[in-house]
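Under the working numbering, the first residue of the sequence shown is numbered 51, with each subsequent residue one higher.
Every residue gets a Cβ at the ideal spot worked out from N, C-alpha and C, and that includes glycine.
Everything below concerns the one structure shown next.
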Amino acid sequence: MRYFIEFAYQGTHYHGWQSQPNTKTVQETLTKALGILLKTPLELVGAGRTDAGVHARQMYAHFDFEGFIDSPVLTAKLNSFLPEDIVVYAFHTVGDEAHARFDASSRTYEYHLHLFKDAFKKELSWYHFRPLDIDRMNEAAKILFEYEDFECFSKSHTDVFTYNCTITEAQWTHNQDSLVFTIRANRFLRNMVRAIVGTLIQIGLGKSTVAHLRTIIESKDRGQAGFSVPAKGLFLTRVSYPYFE
């Protein structure tokens with residue numbers, strides 16, 4: 051049978067989701083713990099990749115297992131076995147062809163800034179002390195809806211077959227000393243959100259214009275876009291599937 055596992059993690063002490071040699075990753079940690087409890091080798095296929103230091107409030111992965119899984123029981127056992135920065139929410143029985151990555155209809159990310167120095171947010175938000183014009187940043191964010199090709203925001207030398215993404219939400223919200231950018235799309239390129247945020251911040255600082263964002267996107271040149279903001283402020287907050295709606 052095929053199962054989806056729903057979980058979350060703080061990525062501070064991990065080198066991203068995907069297993070890599072000689073480094074600590076979320077995929078490796080979760081796969082090892084689940085395999086021990088189910089007493090069989092398993093392969094977890096994630097909904098996507100998150101880079102080193104990026105967090106996830108909701109993430110899915112699928113795996114195949116011949117036996118029956120009692121979701122509440124295994125969830126409790128696994129959470130007692132895992133480190134404190136990974137938490138499992140539930141196991142879901144799905145069809146044999148269900149795929150955690152390819153069946154996702156959308157993904158939502160948030161990027162968190164704090165505008166006043168806060169010792170308790172240092173691993174979960176980026177401290178940005180310079181004044182930002184949020185209205186201009188939101189005006190620029192609307193331009194993202196006009197395009198599908200976002201090669202200019204993609205990490206160079208990636209093995210993707212297309213740079214096209216459909217963005218359905220992109221906005222900044224301000225709450226006291228915090229600023230959050232929310233973006234939703236059917237898919238994302240590597241480093242895309244962090245590059246978009248850096249580009250919008252340049253506009254908010256007055257170092258670039260709203261209109262110039264179109265030039266950046268149409269250039270398809272990563273060198274024309276803004277800097278990549280630090281990973282610690284980025285959260286994958288939701289992965290949506292047609293059969294979970």
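With 16 or more other Cβ atoms inside 10 Å of its own Cβ, Gly-98 counts as buried.
For Gln-252, the enclosing alpha helix (DSSP H) has its first and last residue at 242 to 254. In the structure shown, Glu-189 falls within a helical segment according to DSSP collapsed to helix, strand and coil. Partner residues in a beta bridge of Asp-183, as assigned by DSSP, do not exist. In the DSSP annotation of this structure, the continuous segment of the beta strand (DSSP E) that includes Val-289 starts and ends at 284 to 290.
Annotation note: the region 115 to 176 contains the following uninterrupted beta strand (DSSP E) runs of length 3 or greater, listed N- to C-terminal: 136 to 144 and 156 to 164. Between Ile-119 and the set Ile-193, Asp-101 and Met-51, the nearest pair of CA atoms involves Met-51. Judged by DSSP secondary structure, Glu-56 falls within the beta strand (DSSP E) whose first and last residues are 52 to 59. In the assembly as shown, Lys-192 is an exposed residue. Its beta-carbon has fewer than 16 other beta-carbons within 10 Å. With a beta-carbon spacing of about 12 Å, Asp-227 and Leu-182 fall beyond the 8 Å limit used to define contacts. When C-alpha distances from Thr-143 are compared across Phe-152, Glu-189, Glu-116 and Lys-127, the shortest belongs to Glu-116.
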